[in-house]
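Read the structure below first, then the notes.
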Amino acid sequence: MLFSFVAAMGFLLVNVVDPYAGAVASPTFNAADRFAGQDAQTFVVSGVVQAASVKRDSYSVKEPPPPPPPPKASTSHSSGGISLPNVVPNPGSAQAYAHTQVLARGWSEQDFSCLVALWNQESGWRVNAMNTSMGSSPSTAPYGIPQAYPGGKMASAGADWATNPRTQINWGLGYIAARGTPCSIWNSYGGSY
458 MLFSFVAAMG FLLVNVVDPY AGAVASPTFN AADRFAGQDA QTFVVSGVVQ
508 AASVKRDSYS VKEPPPPPPP PKASTSHSSG GISLPNVVPN PGSAQAYAHT
558 QVLARGWSEQ DFSCLVALWN QESGWRVNAM NTSMGSSPST APYGIPQAYP
608 GGKMASAGAD WATNPRTQIN WGLGYIAARG TPCSIWNSYG GSY
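Per our numbering, numbering of the sequence shown is gapless, rising by one per residue and ending at 650.
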């Protein structure tokens, strides 16, 4: 402990008292010439000062084009007074596949809009959506895009029912077709759950 105190004080006192202070006061001390007789720095100032010219770039702002008006909803099927938007699915998506299958069954664009609204509420179109309050696994709980209950019922549409949106959509459309159309199912709930 004493050694560490002495060592710390030694480091501190070296900075307080310059060990070379006595040598500088000596008449024989000569400071080293660091620049070999040259000035350390030279700076030449001319007598003429020119103002710097400053130029600012210009820019312009363009208003974005207005969005196109939404398409008119078809009136082939009644949706119970509830306004459902026409839906244009993204190519290659589960909704795009469902759209082709809805039309292949002879249903209308309005039926597709009802299907989108129905499955938006059921699962948000997520292939792995599961209602865990009614079961603990995909085979026992409401599962998938159509929320089949239990999810294992979709195995009748394909062995890949737990992961393939097309298999789930095919099963779900068959389920709906046995009970009516997407709009009749949607209307039976009054347009919401």
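For each residue, glycine too, the CB sits at the ideal point set by N, CA and C.
Local Cβ density within 10 Å of Thr557, reported as buried at 16 or more and exposed below that: Position 100 of the sequence shown holds residue 557. Under this definition Thr557 is an exposed residue.
Assigned secondary structure, Met587 (DSSP; H/G/I helix, E/B strand, else coil): Within the sequence shown, the letter at position 130 stands for residue 587. DSSP places Met587 in strand when its eight states are reduced to three.
With 16 other Cβ atoms within 10 Å as the buried cut-off, status of Ser590: For the purposes of this step, residue 590 is taken as the residue at position 133 of the sequence shown. Under the 10 Å beta carbon count, Ser590 is surrounded by fewer than 16 other beta carbons and is classified as exposed.
DSSP state of Trp643 mapped onto helix, strand, coil: Your numbering for residue 643 matches position 186 in the sequence shown. DSSP places Trp643 in helix when its eight states are reduced to three.
Euclidean distance between Cα positions of Ser550 and Lys512: Position 93 of the sequence shown, counted from the start, is the residue given in the question as residue 550. Position 55 of the sequence shown, counted from the start, is the residue given in the question as residue 512. Each residue's Cα considered, the two are about 52 Å apart.
Local conformation of Ala634 per DSSP, three classes: Along the sequence shown, read from residue 1 onward, the residue named residue 634 stands at position 177. Helix.
For Tyr600, three-class secondary structure by DSSP: If you number the sequence shown from 1, residue 600 lands on position 143. Correct three-state label for Tyr600: strand.
Those residues which DSSP pairs with Ala605 across a bridge: Walking along the sequence shown from the start, residue 605 turns up at place 148. Paired residue(s): Tyr600.
Other residues of its chain near Trp576: CB distance less than 7 Å, five sequence neighbours each side excluded: Locating residue 576 in the sequence shown gives position 119, where the first residue counts as 1. Annotation for Trp576: Trp582, Ile602, Pro603 place their beta carbon closer than 7 Å to its own, counting only its chain and skipping 5 residues before and after.
Straight-line Cα distance separating Gln625 from Gly631: Reading the sequence shown from its first residue, position 174 is the one you call residue 631. Reading the sequence shown from its first residue, position 168 is the one you call residue 625. If you take the alpha carbons of Gly631 and Gln625, they lie about 10 Å apart.
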